[in-house]
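Sequence lines, in order, name chains L and X. For the first sequence, the numbering used here gives the first residue as 1, with consecutive numbering after it. For the second sequence, the numbering used here gives the first residue as 324, with consecutive numbering after it. Ideal placement from N, C-alpha and C gives every residue a C-beta, glycine not left out. Note that this is a predicted model, so its numbers are computed, not measured. Have a look at the structure below, then the notes.
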Amino acid sequence: MKETLLPSSIKNKEKRSAVHAKLKQQKKVEKKRNQKVREAAEKKALELGEDPPPKKTPRTIENTRELDETVCKPDDEELFAGNDADEFSSILKQECIPKILITTSRFHSSRGPDFIEDLRSIIPNAHYYKRGTYDLKKIVEYAKKKDFTSVIVVHTNRREPDALLIIGIPNGPTAHFKLSKLVLRKDIKNHGNPTSHQPELVLNNFTTRLGHRVGRLIQSLFPQDPHFNGRRVVTFHNQRDFVFFRHHRYIFETKESKTPEGKDKKENKAARPGKVVARLQECGPRFTLKLTSLQNGTFDTQGGEYEWVHKPEMDTSRRRFFL
Amino acid sequence: MPRTTTVESPGCPPLRALTFDSLGLVKVIEAHDGQDGGAVKMVERWGDPDSSKCVLAASILDRESDPLVSVARKCGSIEVISAINGDLRAQIPNHGDEDDAITGLHLFSKQQSESSSRACKLFTCTTKGHARMESIELGGTVAEFVRDPSPTVWDVCGSGNILCSKIDGNENYALFGGKGVEVNLWDLQKCVKIWTAKCPPKNTLGIFTPTWFTSATFLSKDDHRKFVAGTNSHQVRLYDISAQRRPVISVDFRETPIKAVCEDIDGNTIYIGNGSGDLASIDMRTGKLLGCFIGKCSGGIKSIARHPQLPVIASCGLDSYLRIWDIQSRQLLSAVFLKQHLTSVVFDSHFRKEVPVPEVTNTVEEAEVIETPAKRKKGFKDEHTSKKKKSKRSSKKRLSDDED
Chain L
1 MKETLLPSSI KNKEKRSAVH AKLKQQKKVE KKRNQKVREA AEKKALELGE
51 DPPPKKTPRT IENTRELDET VCKPDDEELF AGNDADEFSS ILKQECIPKI
101 LITTSRFHSS RGPDFIEDLR SIIPNAHYYK RGTYDLKKIV EYAKKKDFTS
151 VIVVHTNRRE PDALLIIGIP NGPTAHFKLS KLVLRKDIKN HGNPTSHQPE
201 LVLNNFTTRL GHRVGRLIQS LFPQDPHFNG RRVVTFHNQR DFVFFRHHRY
251 IFETKESKTP EGKDKKENKA ARPGKVVARL QECGPRFTLK LTSLQNGTFD
301 TQGGEYEWVH KPEMDTSRRR FFL
Chain X
324 MPRTTTVESP GCPPLRALTF DSLGLVKVIE AHDGQDGGAV KMVERWGDPD
374 SSKCVLAASI LDRESDPLVS VARKCGSIEV ISAINGDLRA QIPNHGDEDD
424 AITGLHLFSK QQSESSSRAC KLFTCTTKGH ARMESIELGG TVAEFVRDPS
474 PTVWDVCGSG NILCSKIDGN ENYALFGGKG VEVNLWDLQK CVKIWTAKCP
524 PKNTLGIFTP TWFTSATFLS KDDHRKFVAG TNSHQVRLYD ISAQRRPVIS
574 VDFRETPIKA VCEDIDGNTI YIGNGSGDLA SIDMRTGKLL GCFIGKCSGG
624 IKSIARHPQL PVIASCGLDS YLRIWDIQSR QLLSAVFLKQ HLTSVVFDSH
674 FRKEVPVPEV TNTVEEAEVI ETPAKRKKGF KDEHTSKKKK SKRSSKKRLS
724 DDED
């Protein structure tokens with residue numbers, strides 16, 4: 001009977017904390033014991049030359065994610081037909097070269113221009129235009145006329161960029177992202193300076209239909225023929241609906257394999273090359289995006305139709321993700 | 324700890340719905356009683372994915388025998404297909420220019436002449452206001468259909484874009500509205516405009532909101548005088564042509580344009596859906612919001628359909644889900660993911676639950692159904708419905724009837 005007693009049901013605080021501490025101690029001991037048993041089993045298996053027992057995977061929020069039927073499957077022919085018909089297919093099939101217009105909100109200063117400077121160094125063929133007092137709809141129209149393929153609007157609040165709007169031109173969707181945790185290039189220690197090569201693009205974990213679409217929107221900002229000799233890579237990593245942006249340079253280095261005997265070393269070197277490792281150098285900036293809405297068609301707050309809007313009633317579970 | 328309990332969806336009564344999407348596919352959705360708790364499932368897919376065949380408007384001729392669905396495509400052609408198995412029955416090629424998209428389509432359920440039961444009347448309206456009414460003679464296949472050589476054609480508006488059009492329950496009047504076009508009512512027999520709305524006055528600041536109707540419907544089936552229109556400035560307006568030219572009731576609903584309006588059969592409730600995925604019902608006698616349909620609906624609603632008998636509505640839209648809602652409790656009964664942006668949904672109300680048959684005969688019966696496209700699968704209700712017909716006939720006899 002005493003075993004099942006929950007400390008939270010005890011009203012006396014002293015007693016409750018004592019029981020709680022005891023329970024905690026028990027759990028700790030048990031955990032240690034289990035660990036030891038596992039280690040012993042592993043060691044034994046190694047000695048006998050058997051396969052060690054399979055390692056347990058920890059339960060994380062990602063792998064216990066709520067089941068989502070919209071996750072893209074590789075054998076879904078409708079998905080590919082939809083891809084061929086969507087707004088980005090002409091860019092992604094390299095029929096036209098992406099040309100990006102970057103502009104800002106009405107007022108911006110301080111970190112805004114620096115961020116735009118960084119963005120221009122990331123995205124090839126990006127052109128900054130002063131916002132002036134133009135309406136965004138006018139700018140979209142201008143961009144249509146000048147054959148731009150996307151418009152990026154950096155929204156600044158209190159001298160700090162806080163939102164990013166990516167508009168596909170001429171009829172592509174409009175994605176509205178919250179931007180946070182911005183670290184500019186100049187604030188990153190030992191940052192590298194990117195070359196003017198076209199970067200490689202890494203898009204991670206865009207699994208659902210919505211994620212797939214957002215991924216394609218981001219993909220359409222970059223040229224589809226990266227210069228691999230530039231060794232520049234731009235990463236958009238999605239984790240729990242937050243899209244993390246990183247920009248790196250990488251280099252492959254051959255490490256000489258260390259063997260104790262000097263004679264062997266020479267033979268080995270001739271026989272097999274050393275282990276190749278990739279080293280990374282961050283170029284910056286770093287920032288995090290979170291999708292707030294995806295609108296069908298170009299920017300139109302009054303009459304727009306949304307493909308996806310974040311609503312508070314969706315946040316009823318920590319394990320539900322949309323991208 | 325991961326959540327172990329899931330919210331049980333109550334499941335929906337047996338029903339059959341057809342959805343139309345932006346790749347031109349027609350998907351048949353069915354719910355069966357007792358099977359998986361009444362969840363809706365996609366059972367069939369008609370057509371091949373092609374973005375130029377994007378469905379813009381669809382209309383169903385909902386009847387017991389040989390129900391038809393007409394579909395207006397983005398490329399300008401109109402197709403009439405059988406609602407039972409998706410066979411193409413008639414195809415009307417594009418008339419007029421390419422950028423004049425079809426916004427309104429209606430298949431008349433009333434037969435204009437008793438002699439030819441295969442004839443049906445089709446109403447279309449384009450963005451630029453070219454309305455057109457023609458009757459077509461359907462055959463068993465595409466090659467056999469005959470078009471009426473002299474369709475009735477008229478222009479609804481001089482300027483502006485027509486965005487919504489609707490035919491009333493008795494099919495004598497048509498309603499038009501759009502961007503820069505006030506709602507107006509036409510008499511279909513004489514092809515004359517009988518009524519136009521007047522724009523609402525400027526507000527207290529002297530600001531005039533430009534006319535932009537996005538959806539419209541008649542309030543009840545047999546009354547053409549009252550209708551409801553949704554505007555781009557998120558207003559729902561009730562017009563009564565016997566009262567005044569300005570709206571009788573005007574209700575604001577949230578912040579995005581009203582994209583779909585659907586009437587209930589009780590004649591005073593309407594269902595509205597807007598561009599950011601909110602669905603609500605409004606009592607139009609008082610203009611009060613009865614309540615919102617709350618679910619994880621995240622994309623703009625394109626179309627709402629009310630089932631003629633069962634107390635359910637279906638909504639579909641840009642989030643590619645078809646959702647079935649209960650109208651009393653406003654609960655989500657079931658949802659199905661259909662992979663594409665859906666543009667329209669219709670109910671086939673004469674769908675009956677299949678009689679559970681032994682598996683051996685099942686395949687035989689299906690084969691028969693393929694042979695007889697215009698006839699439904701045998702259901703338990705067939706017993707008394709077939710009594711209404713002249714005599715009980717075997718399906719093979721029906722087949723021979725079809726071909727003549």
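Within chain L, no residue has its beta carbon less than 9 Å from that of X:Gly334; the closest one is some 17 Å off. Exclusion of the five residues before and after L:Asp147 leaves Lys99 as the residues of its chain whose Cβ lies within less than 7 Å of its Cβ. Shown in chain order are the members of the segment 209-225 of chain L whose Cβ falls below 9 Å from a Cβ of chain X: Arg209 and Leu210. Of all residues in the segment 512-525 of chain X, none places a beta-carbon less than 7 Å from a beta-carbon of chain L. For L:Asn229, the closest alpha carbon among the candidates L:Phe236, L:Glu256, L:Ile251 and L:Ala18 is that of L:Ile251. A straight line joining the alpha-carbon of X:Ser374 with that of X:Leu428 spans about 20 Å.
Separation of X:Phe660 and L:Asp68 (C-alpha to C-alpha, rounded to the nearest whole angstrom) is 10 Å. With a cutoff of 8 Å on beta-carbon distance, X:Ala637 and X:Ala340 are scored as near each other.
Chain X places a beta carbon closer than 8 Å to that of L:Glu78, counting this residue as a contact.
Per the DSSP secondary-structure output, X:Gln558 pairs in a beta bridge with X:Asp575.
Just so you know, the alpha carbons of L:Val202 and L:Phe236 end up roughly 6 Å apart.
Taking a beta-carbon distance threshold of 8 Å, X:Asn555 counts as an interface residue toward chain L. Going by beta carbons, X:Arg368 and X:Leu391 fall outside the 8 Å limit.
Under the Cβ criterion of 8 Å, X:Pro372 is counted among the residues facing chain L. Listed along chain L are Glu313, each with a C-beta nearer than 9 Å to that of X:Ile617. For L:Tyr142 and X:Ile490, the gap between their C-alpha atoms comes out near 40 Å. For X:Ile564, no alpha helix (DSSP H) segment is defined, and its DSSP state is neither H nor E. Among the residues of chain L, those whose CB is under 8 Å from the CB of X:Asp642 are Glu307 and Trp308, following chain order. When Cβ-Cβ separations below 8 Å define contact, L:Glu117 makes no contact with chain X. Within chain X, the residues whose beta carbon sits less than 9 Å from that of L:Ala85 are Ser345, Leu346, Pro372, Asp373, Ser374, Ser375 and Cys377, listed in sequence order. Cβ atoms of X:Cys335 and X:Ile647 come within 8 Å of each other, at about 5 Å.
The Cβ atoms of X:Asn591 and X:Ile581 lie no closer than 8 Å to each other. X:Asp422 sits exposed, since fewer than 16 C-beta atoms from the chains shown fall within 10 Å of its C-beta. Per DSSP, L:His212 is one residue of the alpha helix (DSSP H) stretching across Arg209 to Gln219. Every unbroken stretch of the beta strand (DSSP E) spanning 3 or more residues and falling wholly within the segment 604-665 of chain X is given here in chain order: 611-616, 624-629, 635-640, 644-649 and 655-660. The continuous stretches of alpha helix (DSSP H) do not include L:Tyr129, and DSSP gives it neither H nor E.
Judged by DSSP secondary structure, L:His20 falls within the alpha helix (DSSP H) whose first and last residues are Lys13 to Leu48.
In the DSSP annotation of this structure, the continuous segment of the beta strand (DSSP E) that includes X:Ser488 starts and ends at Asn484 to Ile490. Rounded to whole angstroms, the gap between the alpha carbons of L:Arg216 and L:Phe88 is 7 Å. DSSP lists X:Lys444 as the bridge partner or partners of X:Ser458.
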